[in-house]
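Student: My numbering puts the first residue of the sequence shown at 65, with every later residue one more than the last.
Every residue, glycine too, gets a C-beta built ideally from N, C-alpha and C.
Owing to the predicted nature of the structure, the values given are computational and were not obtained by experimental measurement.
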Amino acid sequence: MSLESKPPAGAVRTEAGAVSPVAGVRITGGLLREWQERNRRATIPHTVEQLRAAGNVANLRRLTEDDAPPYRGRYPFLDTDLYKTLEGLAYELGRGEAGEAEREFFDEVVGLLERVQAEDGYLNSFFQDPAADRKPWEDLAWGHEMYNLGHLIQAAVAASRRMGDDRLLAVAVRFADLVVRRFGAGREEAVCGHPEVEMALVELYRETGERDYLTQAALFVERRGRGRLKHSIFPPEYFQDHVPLRELPSVTGHAVRMAYLAAGAADVAVETGDRTLLDALERLWDDMVATKLYITGGLGSRHSDEAIGDRYELPSERSYSETCAAIAVMQWGWRMFLATGSARYLDVFERVLYNAYAVGLSADGKAFFYDNPLQRRPDHQQRSGAETGGEELRRSWFGCPCCPPNIVRWMAQLGDYAAAERDGVLHLAQYAESRVETDAVALAVETAYPWDGDVRVTIERAPERPYALKLRIPAWARGATLDGEPVAARDGWLTVERRWAEGDVLRLRLPMPVRAHVPHPYVDAARGAVAVARGPLVYCVEQQDVPAPVDDLVLSPAAVVSANIGASEELPGAVVLRVPAGVAAPPPVELYPEFGAQPPSTPAADVSAALVPYFLWGNRRPEAMRVWVRSR
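(1) Considering only their Cβ atoms, is the gap separating V509 from R525 smaller than 9 Å?
(2) Between which residues of its own chain and V602 is the CB-CB distance below 7 Å, once the five residues before and five after are set aside?
(3) Identify, in the order they occur along the chain, each residue of the same chain with its Cβ nearer than 8 Å to the Cβ of E14, setting aside the five sequence neighbours on each side.
(4) Going along the chain, which residues of its own chain have a beta-carbon closer than 8 Å to the beta-carbon of L157, five neighbours each way excluded?
(5) Strictly by DSSP, which residues pair up with R562?
(6) List the DSSP bridge partners of P677.
(7) Thinking M263 and G328 are a contact (beta carbons under 8 Å), I'd like their distance in whole angstroms, please.
(8) State the Cα-Cα distance for the pair M674 and A392, rounded to the nearest angstrom.
(9) CA-CA distance, F298 and Q114?
(10) Does DSSP put M65 in a helix, a strand or coil?
(11) Check whether the region 130–150 touches the region 451–462, counting contact only when three or more Cβ pairs, one atom from each stretch, lie closer than 8 Å.
(12) Bridge partners of I372, per DSSP?
(13) So, using beta-carbon positions, are E260 and Y211 closer together than 9 Å?
(14) Kindly indicate which residue of S695, H367 and G373 has the alpha-carbon position closest to the one of D615.
(15) Can V700 and T511 be called in contact, C-beta distance under 9 Å?
(16) Considering only residues of the same chain and omitting the five flanking positions on each side of G74, which have a CB-CB separation below 6 Å?
(17) From this set, P575, G567 and P538, which residue's C-alpha is nearest L558's C-alpha?
(18) So, helix, strand or coil for I523, using DSSP?
(19) Would you be able to state if there are at least three C-beta pairs under 8 Å between the region 495–510 and the region 426–437?
(20) Only counting the same chain, and skipping five residues up and downstream in sequence, which positions put a Cβ closer than 6 Å to that of M689?
(21) Are R473 and E209 close, meaning C-beta to C-beta below 9 Å?
(22) Can you name the start and end residues of the beta strand (DSSP E) that H581 belongs to?
(23) Per DSSP, Q439 is paired with what?
(24) Tell me the residue span of the alpha helix (DSSP H) that contains V174.
(25) Starting from E260, follow the beta strand (DSSP E) in both directions and report where the run begins and ends.
(26) With distances taken between CB atoms, is the gap from R288 to P308 smaller than 9 Å?
(27) Anyone know if the C-beta pair for P468 and S383 falls short of 9 Å?
(28) With H, G and I counted as helix, E and B as strand and the rest as coil, what does DSSP make of V285?
(29) Between E183, T387 and G163, which lies nearest to M475 when the distance is taken from Cα to Cα?
(30) Classify R246 as helix, strand or coil using the three-state DSSP reduction.
(31) With which residues is I91 paired in a DSSP beta bridge?
(32) At a Cβ threshold of 9 Å, is A87 touching chain B?
(33) Checking 9 Å against the spacing of the C-beta atoms, do H295 and A371 come in under that value?
(34) If we ignore side chains and look at the alpha-carbon of each, how far apart do R684 and R198 end up?
(35) Confirm, please, whether the CB-CB distance from R499 to R90 is below 9 Å.
(36) What residues are listed by DSSP as bridge partners for T545?
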């Protein structure tokens, strides 16, 4: 198989899609750059340290030793945490921004993977142990071997594209070839219990040109829901395996599995031109956004099985909204944008990015939420993740640490989701201070987004002919202007076409008034409440920012929209909203008083409440918090 060099590319590179991502985007400033610098400075070193301490590296090294110690960890898929970290490191090393310690870690782990891979290509530090209580491929529902392969492939593709290093790609190809031989057409008709390999195999096809990988991904998508998986612990719905994907009436089951499966299916639909599959995915996406997605973009309302609930089942304090699910929804949304060119997928992508995803990491970059509630009650004791004890808010690590390295890799590659091209037209998909370069054009973007809606685009290079730029106008941005003139977006895009000259400037203004949101009447958990947003950011109130119990706080939607915009001494750089609020009269003593037994409760006092961006909650004292606040 030929592994000839390819031109630089991002995490996703379509060959047949309607839109092609732009790899030449470098985030140069603003909040996203601060996040990436924090990732490089704090999160990556912390993650490497934890991976060593938890035994992930040792689990590989022990396969090279005669008197090896036991496998460390509860789960057979802990290699994936190494792979996700390698993927993030590939970006940092490719940019020349990682340190020597990170380079040594990358080389050490890649070298171990090369050494311990089995002759037939199999690779899994749990199942390759002769003392393991299960054999390879014996438990596809929970063994996660192909889930492991998926993350290995994505790390390998990143290393090849960003570093020009094909060592890991050779390892991934050998393992992928084994999967094709074992589970290909006419072979064992099985699927993995945890989807992920589907989108990775499509990307491996895009990288190598080997169509067997695309065919295998399509087979996995089509086999799911046809009784090919042996279920245990949870029913088929948990695995999205009760009906074929095309017939699925709504997103269901384990949230991360669902979104990974849909993302892989979108890749397959793009590359094969399967319109009926894409139609099914559009239907599922629209139903999810309309009935099952939290206002923060979080997905998953059930802790018992990390699953998506019924339509409108969106409890605030029991919101699971796993950080990995946020990343999975963004992966799905980005692929739907590539398939259709529609900006509505990017609006959701943006909402998830700045809320459900960003909240998963602490301000110092060294502690994590696994699940992400929209409310914390004053007497709340449960910690994030499945473990008992530990920190009251974010944890430094988990027994199942899938979220921290997932944050690492996604943060490192944010620039890959900023721009795309279609038919020679550049689409600015996300706004960040950055430099965007394609074969046809180069431009600089200056903005303080998401704190401010002013975006300045300067042309640095352009063809000597008319050329079109498409600027995304988010659905919340009513009254947008370009160079001071009102504009009307079409399907979420503003198209500007002209013959450009070096130094030409576009000044886009996206108004960011404070918005008051109320829930759909079927969302019982938030009925009678109001949530606050500005631009792409959802806000919340923490107990330390209001002189009354947050459960007694009452907001008027009319007062919310006239909030004062300010700063916070405790949360540097953040835009804080100061809102006049009421304090409700004392509640009844009875849990269920008889109607009419006491007069209606009315606000007893007025106070000022400071609302902070939801992604920044939980960085101070562990006190009560609400996104949905009682409404007058």
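Tutor: Once the coordinates are examined:
(1) With contacts defined as CB atoms closer than 9 Å, R525 and V509 fail to qualify as a contacting pair.
(2) I359, T360, N419, A595, Y678 and V691
(3) Outside the shown range of the chain, which is 65 to 696, sits residue 14, and nothing can be said about it.
(4) E166, R167, F170, R226 and M227
(5) Y531
(6) Y603
(7) 4 Å
(8) Looking at the sequence provided, one finds Ala at residue 674 rather than Met. Straight through space, the alpha carbons of A392 and A674 are spaced by roughly 32 Å.
(9) 30 Å
(10) The predicted position of M65 is uncertain, since its pLDDT is 36 and thus under 50; a value taken from the coordinates is nonetheless stated next. Of the three classes helix, strand and coil, the one that applies to M65 here is coil, per DSSP.
(11) no
(12) G317
(13) Yes, the Cβ-Cβ distance between E260 and Y211 is below 9 Å.
(14) S695
(15) Only positions 65 to 696 of the chain appear in this structure, which leaves residue 700 out of reach.
(16) P85, A87 and D480
(17) P538
(18) strand
(19) no
(20) The beta carbon of M689 sits closer than 6 Å to those of R440, C604, E606 and W681, all from its chain and outside the five residues before and after it, given in chain order.
(21) no
(22) V578 to H581
(23) R690
(24) For V174, the enclosing alpha helix (DSSP H) has its first and last residue at E164 to V180.
(25) Unbroken run through E260: none, as it is neither H nor E.
(26) yes
(27) no
(28) helix
(29) T387
(30) helix
(31) S498
(32) Any reference to chain B falls outside this structure, which holds one protein chain only.
(33) no
(34) 44 Å
(35) Cβ distance < 9 Å, so R90 and R499 count as in contact.
(36) Beta-bridge partners assigned by DSSP to T545: P550 and R573.
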